[in-house]
Structures are given as C-alpha cells and as structure tokens.
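To start, the structure under review is shown below, and the notes come after it.
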Amino acid sequence: MSEKTYLQALNEALKLEMERDENVFILGEDVGQFGGCFGVTQGLYDKFGEARVMDTPITESTIVGAAAGAAAAGLRPVAELMFVDFIGVAMDQLFNQAAKMRFMFGGKATVPMTLRMPQGAGIGAAAQHSQCLESWFMNIPGLKVVIPSTPRDAKGLLISAIRDENPVVFLEHKLLYGVSGEVPDESYTIELGKGEVKREGTDVTIVATSLMVHSALEAAERLKADGIEAEVVDPRCLQPLDKDIIINSVKKTNALVVAHEAVQFSGPGAEIAAMVAEEALDYLDAPIKRVGAPFCPVPFSPPLEQFYIPDADNIVEAVKSIR
Amino acid sequence: MALSKKTLIHMYETMNRIRLFEQKLQEFFAAGEIPGFVHLYLGEEAVATGACSVLTDADTITSTHRGHGHLLAKGGDLKLMMAEIFGRSTGYCKGKGGSMHIADFDLGILGANGIVGGGGPLAVGAALAARYKKTKDVTVCFFGDGASNQGTTQEALNMASAWKLPLVFVNENNGYGISCPQCKSMAVVDIADRAAAYDMPGVVVDGNDVLAVHEAVTEAVKRARRGEGPSLIECKTYRWRGHFEGDACTYRCVEELEEWMAKDPIPRFEAKLLESKTLTQQEADKIKASIAGEVDEAVAFAKESPMPATSALMDDVYA
Chain A
1 MSEKTYLQAL NEALKLEMER DENVFILGED VGQFGGCFGV TQGLYDKFGE
51 ARVMDTPITE STIVGAAAGA AAAGLRPVAE LMFVDFIGVA MDQLFNQAAK
101 MRFMFGGKAT VPMTLRMPQG AGIGAAAQHS QCLESWFMNI PGLKVVIPST
151 PRDAKGLLIS AIRDENPVVF LEHKLLYGVS GEVPDESYTI ELGKGEVKRE
201 GTDVTIVATS LMVHSALEAA ERLKADGIEA EVVDPRCLQP LDKDIIINSV
251 KKTNALVVAH EAVQFSGPGA EIAAMVAEEA LDYLDAPIKR VGAPFCPVPF
301 SPPLEQFYIP DADNIVEAVK SIR
Chain B
1 MALSKKTLIH MYETMNRIRL FEQKLQEFFA AGEIPGFVHL YLGEEAVATG
51 ACSVLTDADT ITSTHRGHGH LLAKGGDLKL MMAEIFGRST GYCKGKGGSM
101 HIADFDLGIL GANGIVGGGG PLAVGAALAA RYKKTKDVTV CFFGDGASNQ
151 GTTQEALNMA SAWKLPLVFV NENNGYGISC PQCKSMAVVD IADRAAAYDM
201 PGVVVDGNDV LAVHEAVTEA VKRARRGEGP SLIECKTYRW RGHFEGDACT
251 YRCVEELEEW MAKDPIPRFE AKLLESKTLT QQEADKIKAS IAGEVDEAVA
301 FAKESPMPAT SALMDDVYA
C-alpha cells in the first residue's frame, strides 16, 4: 500500500494487466511515446513496444470500431479517446456495433473491450472538451459504465473492466488525475456494479459519482458542524448500478440527495431518484433533491466555469433544504 | 486461370445457392411471411462467390445489410439463416438479429450490419487481431457504393493502409445507394480510384464475372498475407431488386435493369463451364435441383421452428 495519484493508479492497472495477459493492448491518439493526452499511458510504450501501445490516426470511429472488431476476434483492447466529447464522432461504433453485437448475433459475439475517456469541466477547455456524458452510455443496453472517484477504485475497477467480457465505458475525471490516495501495490479487482459507502451517516444519503464524491465528502464535513450526519454513497458504476447499496442507505437515513457533474436534466440522478421513488418512497421523509450541472454547455471563462460545476456548497444547500 | 474443377463447381453451386435462396425469400416476403424487411442480393452473386472462394474458414469477413450472399458464400448454413430471417428461435441469432444481423464466428463471418459503412472499422479490428496474433489470416470487408462515401470507410482505408493490415476491401458497386444513383452521390466514376489516396492498389473488375472477381481477390489476399497491406477491389455489378423488397424502384428505368439482367452472372459462368467441359448440362441441372431441395428444406426447417419465447428476451444482452 502506498500513496498514489488517480493517474498513477490507472497507469499501474494498465501495466499489470498488460503483463498478465498478452491479449491486452492499448490503442488511441497519442497514447505511445507521448504517453496519452493526460499522461495515463506514460511509460507503457517503452515497456511494451509499439505492437501493444498503438498510436492511431485521429479517427475516433475507427479507434472504437477497431477495438470492437479486435475484441470480437479474441483480443482485449483498451482504447482511449482523448476527451469523452469526441465519442459523438464514434458513437455508431460504440452503441450500434460494440454494445449490440452480442445480443443481435444471438450470443455469438463476445466483445471484451474497454474504452477509457476523460470527462468533466474545470480546466478551461470549454464546451467541446468538458462534458460529462455518462447518462448517454447508461441508456444503452450492452454497455457497462464505470465512473471511479478515488485512486484505489480507479485501479481495481480498471483491472475489472479489462477482464470483463463486455464493452466497458470507463469514465475518468480530469480533475481527479492529480488526486492522491492509498492504493495497494499489488493487482486487485473491484467488482463492477458494487458501490461503496465512502462515509457513514444517519441523517441523509448523498449518492455521488466521480469528482462529486469529493464534494459530497467535503459537504458532509461541513454539515457535521450543523449536527447533520450525511452518508456518502459512491455507486462507482452506473451500469450495472448497485441498487441495494442506495436503497439500504435511504432506508437508514430517510432522505436522498443525488450529486453529479453531468447536466441535471435527464442525468444519472434522474434514474437514481426514480428508482428510489419506486422502491423506497415510504422510507423518505422529504423530497429527493438533485444536484447537477445547469442545462447549458460548459462555459469557458473561469468564473462562469466555476459557477457551472456543482460543488460542496450546492450539496450543503440541497441537504439543508430537506433536513 | 488454373482453377481446379472442384473449385469451379463449388463456385457454381454457391452462385446458384445464393440465387435460389434469394428468390425464395422474395416469394415469402411477398406472401407476408417474413417480418421486417429484406435486402436481396439478386444479380450480385458473382462478387461474394468470387471473393469468398479465395478465403479459408479462419479468414474473416465483415458484411453489409445486403449480406445473405456474403454469408452463404462464406459457408453460412442455409437452415440457420432461413430460420433467422423468419424470426425463429432456431436461427443463427435465436431470432434476435434478423436478416441484417447474422453472424457465424466459427466461419469467420463477423456479422451483417444494419449501418451503412459500419463494417470498415470492425474489419480493421479483425485484421489487426490477425496480425497481433501473428496468424496469416486475412479479413475481407464488403461494402457498397453508398458506404464508400461514409467517413468510416475512408477512415478504415486509411488506417488499414497506414498499418499495412491484412485487409481486402471489396466494394460492390451496384450503382445505387438506396435510390440515389452513383452519378449524383460522387464525382468519381471508379470508386477504386480512391485507393490512390491511401497508397494501395485499386482495381476495377467486372463484378458479374465470378472468375474476374476471384482473380483480383486472389492477388489482394496474397498481398495481404505477405504483410504488404490492404487493397481496394471495385466490383461493378447491379442490384436487380429495389433497395429493399417492396421498393417500387421509381428512380430507375426498366431498360437499365434489362440491360444488366442480360449480363446475369450465372448463365455467363455456366456457359464457360459447359464450353470448357468442366460441367455438362445434365450436371448443371442436377446441381440446381439439388440446391432447390436444400432451400426448400431450409424453408421447411424455418417454418416448423418455434418463435422465440419471450422469456429469452433478456438473454445475451451481457456476457
């Protein structure tokens, strides 16, 4: 166990899996000597060579499609798109090809590919390089959607994603790459679809993902001063979604706030709120509150961008409005 | 061309199998017995047959939404295909794919595809896998003239060439992208010209001449197996039916259709085989009768097969 950044944890997961299984390879834009847009694949080209760390042309459709084709043909590709925003260019290959091959071929195809994509605002990259698009992927049967918040989770979940037999969309947050935490040195997996209670509490459940887990933990500390003990639940995967961990927490705290950076309207919080309303309405003492980004593209100018991103203040405010 | 009698007869059988299979589908679609829609391959039999006659079971193909011919030429099972097209549980995809989504990974058939241009990137991946695993296997990417205008196809051509992948792009230019004739959808006359942009061989062949297709694909496959990269082979052919069954085809004239039907690839090939005494008329008739029997058996199998149980709906969404 040692202190590592989220970025180092991801890099370690890739390295360990490539050492373990020669069918695992990386492809994407600038993933080779350059080391990846944000540095996640650094050092892997030198260690594994260009046959396993492949720089592609800037052709997102073919990066995703080639990963799907290679996976169907027996390999375990880990593809990287520099920014999740570029998935629009490649969406057909993801949602019509990779996600559906198994079902529409009657179970004949197995597509064990991982698609890593950084998302999120906060670096002044403006509207086409800053979105959170997890709700798009959650809505596509056949995909798994992983969204880690801590270095430890990032490593264990990426290893599980690579070993999974399905196409997995692995969503990293740009502002988390530099965040440190305790990470086991050895290889380990975290089951996809199993959430984690990041902080125990009794008065309100805050379901948060990715960067918002950290905002929720900060909010919980502030709420403590007001005598409110918040439980922070990180589902870690949105598909499959750990329903039990959310419902059980709500049954204990009787109140729910959902926090994510994706646009609030029709975001992942809508699904989580509806699920709790369907299955645990009687346990709720107050309306469900959602914290998400406003319904507008991500702005460029720093004060606007900061205002756009949901934060601990918004979460505290949401909790106080119901508790 | 020094092809063995066995190969030539096999090609003749394959072309007739595609023809009779498709004519049977035409009949049953008109009778309202087939759900959804079907895109028939009638008139284009020489392309799939010529191309797949070069491939082994370990070689892979990606297909299109007009895929029955490719699948049959690659060895696809008539009964399983027919049952799938009829939506039965015994079909290749347990009734979940239908005409546009049939695959048989054991035969290297990586799937028909409902998206025009969808197969190019997948073919790149399959070819990449062959090279990665250091096999000598080759992938053939079938695509139409319509798909040749899709960005995915151009991306795939570029990436396959940049990486010198063992891939052969077989374009079947049947003159129309749904209702849009080639002259309205692209400035080039020969799609094969586009190969120059990717520094790969681009060859135009008579797509109604099965031997010409076989010969061109043989060269391309050899090149691919040698590690010299992809080729683009444009097969000029014609779609006898509309884009889909039920298409009134108001966008093209009867004269054009008649002109192409006169170039029917099957009698052409048959005449060659008779002339070279590879086949007698009696043998030819026997082959056709035998295939008609196979097709009838496939239809009977499909019709006797049960529809899928609704309890099977959620199977195979995930592995």
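Chains as they are written, first to last, in full-length UniProt numbering: chain A, 1 to 323; chain B, 1 to 319.
Using N, Cα and C, we set each Cβ at its ideal position, and we do this for glycine too.
Fair warning: this is a prediction, and the values are worked out from it, not measured in the lab.
If you compare alpha carbons, which of A:Ser180, A:Ala71 and A:Ala312 is closest to Leu122 of chain B?
Numbered from 1 along the second sequence, position 122 holds the residue referred to as residue 122 of chain B. Here the closest residue by C-alpha is A:Ala71.
Identify the continuous alpha helix (DSSP H) that holds Gln239 of chain A and give its terminal residues.
Here the question's residue 239 of chain A lines up with position 239 in the first sequence. Note, Gln239 of chain A: premise wrong, no alpha helix (DSSP H); beta strand (DSSP E) at Cys237 to Gln239.
Which chain A residues are close to Lys96 of chain B, counting only those with a beta carbon under 7 Å from its beta carbon?
For this step, residue 96 of chain B is matched to residue 96 along the second sequence. Near Lys96 of chain B (Cβ distances below 7 Å), the residues of chain A are Phe103, Met104 and Gly106.
With a 10 Å radius around its C-beta and 16 neighbouring C-beta atoms as the bar for buried, classify Met54 of chain A as buried or exposed.
Looking up residue 54 of chain A in the first sequence gives position 54. Met54 of chain A comes out buried.
Check the Cβ of Ala70 of chain A against every Cβ in chain B and list those closer than 8 Å, keeping chain order.
Here the question's residue 70 of chain A lines up with position 70 in the first sequence. Ordered by position in chain B, the residues that pass the 8 Å Cβ test against Ala70 of chain A are Gly125, Ala126, Leu128, Ala129 and Tyr132.
Using a Cβ-Cβ cutoff of less than 6 Å, which residues in the same chain neighbour Met18 of chain A once the five nearest sequence positions on both sides are dropped?
Position 18 of the first sequence, counted from the first residue, corresponds to residue 18 of chain A. Correct list, in chain order: Val24 and Phe48.
Could you tell me which of B:Tyr41, B:Lys6 and B:Gly36 sits nearest to Gln23 of chain B, measuring between CA atoms?
On the second sequence, position 23 is the one that residue 23 of chain B refers to. When only C-alpha atoms are compared, the closest one is B:Tyr41.
What do you get for Gln97 of chain A, buried or exposed, if any count of 16 or more other CB atoms within 10 angstroms of its CB means buried?
Translated into positions along the first sequence, residue 97 of chain A becomes position 97. Counting Cβ neighbours within 10 Å, Gln97 of chain A comes out buried, since at least 16 surround it.
So with CB distances below 8 Å, who are the chain B contacts of Ser61 of chain A?
Along the first sequence, one-based indexing puts residue 61 of chain A at 61. Those are Pro121, Gly151, Thr152 and Glu155, listed as they occur along chain B.
Would you tell me roughly how many angstroms separate the C-alpha atoms of Ile123 of chain A and Pro184 of chain A, rounded to the nearest one?
The sequence position of residue 123 of chain A within the first sequence is 123, counting from 1. The sequence position of residue 184 of chain A within the first sequence is 184, counting from 1. Spanning the two alpha carbons is a distance of roughly 29 Å.
Please report the distance separating the alpha-carbon of Glu234 of chain B from that of Thr59 of chain A.
Numbered from 1 along the second sequence, position 234 holds the residue referred to as residue 234 of chain B. Numbered from 1 along the first sequence, position 59 holds the residue referred to as residue 59 of chain A. Looking at the two C-alpha atoms, the distance is approximately 24 Å.
If you measure beta-carbon to beta-carbon, which residues of the segment 180-213 of chain A are closer than 9 Å to chain B?
For the segment 180-213 of chain A, which is checked against every Cβ of chain B, not one residue is closer than 9 Å.
Give a yes or no on whether 8 Å exceeds the smallest Cβ distance from Ile61 of chain B to chain A.
In the second sequence, residue 61 of chain B corresponds to position 61, counting from 1. Not an interface residue.
To the nearest angstrom, report how far apart Ser63 of chain B and Pro294 of chain A are at their CA atoms.
Numbered from its first residue, the second sequence carries residue 63 of chain B at position 63. Numbered from its first residue, the first sequence carries residue 294 of chain A at position 294. When rounded, the distance between both Cα atoms is 43 Å.
For Ala66 of chain A, list the residues DSSP reports as bridge partners.
Against the first sequence, residue 66 of chain A aligns to sequence position 66. Ala66 of chain A pairs with nothing; no bridge assigned.
Assign Val145 of chain A to one of two classes, buried (16 or more other C-beta atoms within 10 Å of its C-beta) or exposed (fewer than that).
On the first sequence, residue 145 of chain A is found 145 positions in, with the first residue counted as 1. Buried, since its Cβ has 16 or more Cβ neighbours within 10 Å.
Kindly indicate which three-state DSSP category Asp311 of chain A falls into: helix, strand or coil?
Within the first sequence, residue 311 of chain A is the residue found at index 311, counting from 1. Correct three-state label for Asp311 of chain A: coil.
Taking just the CA atoms, how far does Ala273 of chain A sit from Val204 of chain A?
Against the first sequence, residue 204 of chain A aligns to sequence position 204. Against the first sequence, residue 273 of chain A aligns to sequence position 273. Spanning the two alpha carbons is a distance of roughly 14 Å.
Expressed to the nearest angstrom, what Euclidean distance is found between the alpha-carbon atoms of Thr253 of chain A and Leu75 of chain A?
As a position in the first sequence, residue 253 of chain A is number 253, starting the count at 1. As a position in the first sequence, residue 75 of chain A is number 75, starting the count at 1. Their backbone Cα atoms lie some 45 Å apart in a straight line.
Taking Pro57 of chain A as the query, report the chain B residues whose CB atoms sit under 7 Å from its CB, ordered along the chain.
Counting from 1 along the first sequence, the entry for residue 57 of chain A is found at position 57. Per Cβ cutoff of 7 Å: Asn158, Met159 and Ala162.
Taking Cβ-Cβ distances shorter than 7 Å, what residues in chain B pair up with Pro141 of chain A?
Against the first sequence, residue 141 of chain A aligns to sequence position 141. Under the 7 Å cutoff, chain B gives Val317.
Please classify Gly43 of chain A: is it buried, with 16 or more other beta-carbons within 10 angstroms of its beta-carbon, or exposed?
Walking along the first sequence from the start, residue 43 of chain A turns up at place 43. It is exposed - the Cβ of Gly43 of chain A has fewer than 16 other Cβ atoms within 10 Å.
Please list, in chain order, the chain B residues whose beta carbon lies closer than 7 Å to that of Thr114 of chain A.
One-based indexing of the first sequence puts residue 114 of chain A at position 114. Chain B residues near Thr114 of chain A: none, gap ~14 Å exceeds 7 Å.
Give the secondary structure of Ile233 of chain B by DSSP, where H, G and I count as helix, E and B as strand, and everything else as coil.
Position 233 of the second sequence, counting from 1, holds the residue named residue 233 of chain B. Note: Ile233 of chain B maps to strand in three-state DSSP.
Who are the near neighbours of Lys251 of chain A in its chain, counting only those whose CB is closer than 7 Å to its CB and skipping five residues on each side?
The count along the first sequence starts at 1 and reaches residue 251 of chain A at position 251. Cβ neighbours of Lys251 of chain A beyond the five flanking positions: Ala280 and Tyr283.
With a threshold of 6 Å on Cβ separation, who are the neighbours of Ala212 of chain B within its own chain once the five nearest residues in sequence on each side are excluded?
In the second sequence, counting from the first residue as 1, residue 212 of chain B sits at position 212. The answer, listed in chain order, is Val205 and Asp206.
DSSP three-state label for Arg52 of chain A, please.
As a working note, residue 52 of chain A is residue 52 in the first sequence. It is coil, neither helix nor strand.
Pull up the CB-CB distance for Ser210 of chain A and Gly120 of chain A, whole angstroms please, since I reckon it's below 8 Å.
Indexing the first sequence from 1 puts residue 210 of chain A at position 210. Indexing the first sequence from 1 puts residue 120 of chain A at position 120. At roughly 7 Å, the Cβ-Cβ gap stays under 8 Å, so Ser210 of chain A and Gly120 of chain A are in contact.
Helix, strand or coil for Ala147 of chain B, going by three-state DSSP, please let me know.
As a first step, residue 147 of chain B must be located in the second sequence, where it is residue number 147. Note: Ala147 of chain B maps to helix in three-state DSSP.
According to DSSP, is Asp226 of chain A helix, strand or coil?
Within the first sequence, the letter at position 226 stands for residue 226 of chain A. Asp226 of chain A: coil per DSSP, three-state reduction.
What are the complete beta strand (DSSP E) segments, minimum 3 residues, inside the segment 150-178 of chain A?
Here the runs fully enclosed are 168-173.
Measuring only the C-alpha atoms, how far is Lys286 of chain B from Met314 of chain B?
As a first step, residue 286 of chain B must be located in the second sequence, where it is residue number 286. As a first step, residue 314 of chain B must be located in the second sequence, where it is residue number 314. Spanning the two alpha carbons is a distance of roughly 45 Å.
Could you check whether Leu7 of chain A and Phe34 of chain A sit closer than 8 Å to each other, using their CB atoms as the reference points?
Looking up residue 34 of chain A in the first sequence gives position 34. Looking up residue 7 of chain A in the first sequence gives position 7. For Phe34 of chain A and Leu7 of chain A, no; Cβs fall outside 8 Å.
Which residues in chain A have a C-beta closer than 7 Å to the C-beta of residue 342 of chain B? List them in chain order.
Absent from the model: residue 342 of chain B. The displayed extent of chain B is 1 to 319, so no value can be given.
Please state whether the Cβ-Cβ distance between Ile159 of chain A and Leu27 of chain A is less than 8 Å.
Position 159 of the first sequence holds residue 159 of chain A. Position 27 of the first sequence holds residue 27 of chain A. In this structure, Leu27 of chain A does not lie closer than 8 Å to Ile159 of chain A by Cβ.
Since Ile206 of chain A sits in a beta bridge, which residues does DSSP pair it with?
One-based indexing of the first sequence puts residue 206 of chain A at position 206. Ile206 of chain A is bridged to A:Val232 and A:Val257.
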